[in-house]
Amino acid sequence: MAYYAGQEYSDTGPQFEFVTDYFENIQIVWIPGRHGANSISFYDLDNDSDLDLIWGDFYQPGLFYLENYGNNTDPHFVDSLMVDDFPESELLETAGFNIPRIIDFEQDGAGDLVIGVLSGAYGTDYINNLAYFKNIGSEAVHDFQLVTMNLLPGLDLIGGSRPVLADLDGDNDQTL
Numbered sequence: 718m719a720y721y722a723g724q725e726y727s728d729t730g731p732q733f734e735f736v737t738d739y740f741e742n743i744q745i746v747w748i749p750g751r752h753g754a755n756s757i758s759f760y761d762l763d764n765d766s767d768l769d770l771i772w773g774d775f776y777q778p779g780l781f782y783l784e785n786y787g788n789n790t791d792p793h794f795v796d797s798l799m800v801d802d803f804p805e806s807e808l809l810e811t812a813g814f815n816i817p818r819i820i821d822f823e824q825d826g827a828g829d830l831v832i833g834v835l836s837g838a839y840g841t842d843y844i845n846n847l848a849y850f851k852n853i854g855s856e857a858v859h860d861f862q863l864v865t866m867n868l869l870p871g872l873d874l875i876g877g878s879r880p881v882l883a884d885l886d887g888d889n890d891q892t893l
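Sequential numbering from 718 applies to the sequence shown in my numbering.
Now the structure itself:
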């Protein structure tokens, strides 16, 4: 996994400097079942003030998770401790190529999980392709429970939902 460090922001936009092709020696492509990190998301899932790594893959019906044992300035990921069926408490099985995003819907400090299913090696999910997992755990110990596989039932997302979260209206909460 390549790593580029942010250097500055100019009139033309952010400036990045290439650091390495092998960030933390994470080998996302190295065994059958790992095709590459198609969708990467960082979030502090264990409330230890560093960003942990979650990603979806074309050939994975669930998600991968790596805890950061370092900190934000000196991260340390241990590839051999990877969770390859995330979330552990509630198995996710889709056609593959899942796109995870963490958002704290209840604003209780415990990030919830929204997963768009782009569809991958195992077919196409024309329905049930925008999952919502509520974190019934705490800020420090996540426990994701499936609420729905069809978060926006009135919308026909076909097989290409990619959740994006941003504060679009300036009210200090994230909009999906």
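Note that CB positions come from ideal geometry on N, CA and C, so glycine has one too.
Query raised in the report: What is the DSSP secondary structure of aspartate 738, counted as helix, strand or coil?
Result: By one-based count along the sequence shown, residue 738 stands at place 21. Looking at aspartate 738 - three-state DSSP - the assignment turns out to be coil, as it is neither helix nor strand.
What does the Cβ neighbour count give for alanine 812, buried or exposed, with the cut at 16 atoms within 10 Å?
By one-based count along the sequence shown, residue 812 stands at place 95. Counting Cβ neighbours within 10 Å, alanine 812 comes out buried, since at least 16 surround it.
> For leucine 762, which of helix, strand or coil comes out of DSSP?
Replying inline: In the sequence shown, counting from the first residue as 1, residue 762 sits at position 45. Reduced to three states, the DSSP call for leucine 762 is coil.
Distance check for alanine 838 and aspartate 774, CA to CA, integer angstroms please.
Position 57 of the sequence shown, counted from the start, is the residue given in the question as residue 774. Position 121 of the sequence shown, counted from the start, is the residue given in the question as residue 838. Going by the C-alpha atoms only, they are around 9 Å apart.
Check: Do you know offhand how far tyrosine 739's Cα is from phenylalanine 794's?
Finding: The residue labelled residue 739 in the question sits at position 22 within the sequence shown. The residue labelled residue 794 in the question sits at position 77 within the sequence shown. When rounded, the distance between both Cα atoms is 12 Å.
Skipping 5 residues on each side, what residues in its chain have a beta carbon closer than 6 Å to that of tryptophan 747?
-> Numbered from 1 along the sequence shown, position 30 holds the residue referred to as residue 747. Interpretation of tryptophan 747 is limited by its pLDDT of 49, a score under 50 that renders its predicted location unreliable; the figure taken from the coordinates is listed afterwards. No residues qualify anywhere along the chain.
**OP:** Pull up the distance between the alpha-carbon of glycine 887 and that of glutamine 824, whole angstroms please.
**Re:** Taking the sequence shown and counting its residues from 1, the one referred to as residue 887 is at position 170. Taking the sequence shown and counting its residues from 1, the one referred to as residue 824 is at position 107. Cα-Cα distance, rounded: 16 Å.
**Own chain partners of aspartate 736 with C-beta closer than 7 Å, once the 5 adjacent residues on each side are dropped** = Against the sequence shown, residue 736 aligns to sequence position 19. It is worth fixing the name first, because residue 736 is valine in this sequence and not aspartate. Tyr720, Tyr721, Ala722.
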